[in-house]
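Read the structure below first, then the notes.
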Amino acid sequence: TDGGLRLGNIVPDFSADTTHGHWESFHEWKKGKWAILFSHPADFTPVCTTEIGRLALKYDKLTEMDCLVATLSVDPVKSHEDWLRDVVAHCENEIEVKFPIIGDADRKVSTAFGMLDPGTSDDQDLPLTIRAVFIINPENKLMLALNYPACVGRNMDEIVRCVEALQLSYEKSIATPANWPNNHADIPMPDGSRSTEFKGSVFLLPTVSEEEAKERYPGHHTCNVPSKIPYLRLVKQDEVA
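Each residue of the sequence shown is one higher than the one before, starting from 1 at the first, in our numbering.
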């Protein structure tokens with residue numbers, strides 16, 4: 001293999017200096033919790049400034065979900081601290097940046113996590129990180145990774161949605177459909193009527209037997225499709241929460 005970090009792998013542990021002080025261990029900092037590790041290319045750049053501001057607006061919600069947040073760039077901690085004044089001033093909402101920002105000037109963390117763009121790193125004496133997002137579960141396993149180019153800012157609502165979906169599937173034998181929770185807003189029923197009651201519903205995994213589904217989720221709905229294979233089994237979200 002190429003040694004790259006894959007979904008399901010235990011993420012690398014590391015020590016680092018941050019805007020909240022020195023960490024001896026990333027794993028110890030997040031012990032037993034979900035966490036987002038979020039890299040940005042550089043301080044004092046326009047897109048990164050808006051991203052940190054928008055992430056700060058989601059921080060309290062993520063905290064309620066028992067999910068920690070840490071961000072990172074290759075700038076030193078002093079640069080982060082100076083730049084945060086601009087972040088707070090530019091955001092149209094009143095914000096406080098409560099999460100730590102890691103200083104990775106030696107690029108040890110960004111290299112370990114594959115955050116450096118291999119297409120440009122060879123051309124740069126001091127390469128910058130891409131816009132990476134890693135969502136890590138309480139066992140330190142990588143559950144989701146997103147990579148964005150420098151020219152595209154990330155959508156924080158989508159990152160929160162991903163954490164919500166991952167936490168739900170971590171606890172229950174379900175999977176979230178496309179566009180969840182705005183999915184299946186209007187579906188046909190066996191009697192010919194249509195229902196809006198399954199908006200935001202989730203799918204039972206194929207590993208859940210029909211007997212188990214009937215016992216645990218008696219209100220589940222199997223969508224009728226031409227194949228007649230009963231694999232599209234919807235359960236209202238409040239029945240699995």
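C-beta: ideal position from N, C-alpha, C; glycine also.
Among Asp104, Thr45, Lys58, Ser73, nearest to Glu158 - alpha-carbon criterion: Lys58
*Could you check where the beta strand (DSSP E) with Met143 kicks off and where it finishes?*
142-148
Report task. Tell me, please, which residues DSSP counts as bridged to Ile52. Result -> BP columns for Ile52 are empty, so no partner.
Q.
Using the Cβ count rule (16 or more neighbours within 10 Å means buried), how would you classify His22?
A. exposed
Report yes if the C-beta distance between Ile36 and Val133 is below 8 Å; otherwise report no. yes
> Where do the N-terminal and C-terminal ends of the beta strand (DSSP E) with Ile95 fall, by residue?
Replying inline: In the DSSP assignment, Ile95 falls outside any beta strand (DSSP E), carrying neither H nor E.
Separation of Lys30 from Ser121, as counted between CA atoms:
Confidence is the limiting factor: at Ser121 the pLDDT is only 49, short of 50, which leaves the residue's position unreliable and the question unanswerable from this model.
Leu72 - DSSP class collapsed to helix/strand/coil: strand
- Secondary structure at Ala132, three-state DSSP: helix, strand or coil? strand
### Query
Below 8 Å between beta carbons: does that hold for Asp75 and Gly103?
Contact annotation: Asp75 and Gly103 have beta-carbon atoms nearer than 8 Å.
Can you look up Leu116 in the DSSP assignment and give me helix, strand or coil? strand
- Item | Helix, strand or coil at Trp34 [DSSP, three-state] | strand
Open item on the list: Do Ile135 and Leu144 count as a contact pair if the criterion is CB distance below 8 Å?
Closed with: yes
Which residues in the same chain have their Cβ closer than 6 Å to the Cβ of Lys98, if we skip the five residues on either side of it in sequence? Excluding sequence neighbours, Lys98 sits near Tyr59.
Neighbourhood of Leu7 by C-beta distance below 6 Å, restricted to the same chain and skipping five residues each side: Leu142
Residues near Pro100 by beta carbon distance below 6 Å, same chain, minus five either side: Thr18, Thr19, His20, Ala70
Residue nearest to Val235 in terms of C-alpha spacing, selected from Phe198, Pro226, His80, Glu171:
When C-alpha distances from Val235 are compared across Phe198, Pro226, His80, Glu171, the shortest belongs to Phe198.
Worksheet item: If you follow the beta strand (DSSP E) that Ala16 is part of, which residue opens it and which one closes it?
Response: 16-18
Handout entry: Leu204 - DSSP class collapsed to helix/strand/coil
Key = It is a strand residue.
Notebook entry, point to check: Between which two residues does the beta strand (DSSP E) harbouring Asp233 extend?
Noted result: A quick correction: the sequence has Arg, not Asp, at residue 233. Its beta strand (DSSP E) spans residues 233-235.
> Hey, quick one: how far does the beta strand (DSSP E) through His22 stretch, first residue to last?
Replying inline: 21-23
(request) Compare the C-alpha of Pro41 against each of Leu72, Phe14, Glu64 and name the closest. (result) Leu72
query: From Ser25 to Ser110, what distance separates their C-alpha atoms?
result: Roughly 15 Å between the two C-alpha positions.
- request: Just tell me which of Trp180, Glu211, Glu215 has its CA closest to the CA of Ser201.
  value: Trp180
In three-state DSSP terms, what is Arg6? coil
On the criterion of 16 or more Cβ atoms from any shown chain inside 10 Å, does Asn137 qualify as buried, or is it exposed? The residue is buried, with at least 16 neighbouring Cβ atoms inside 10 Å.
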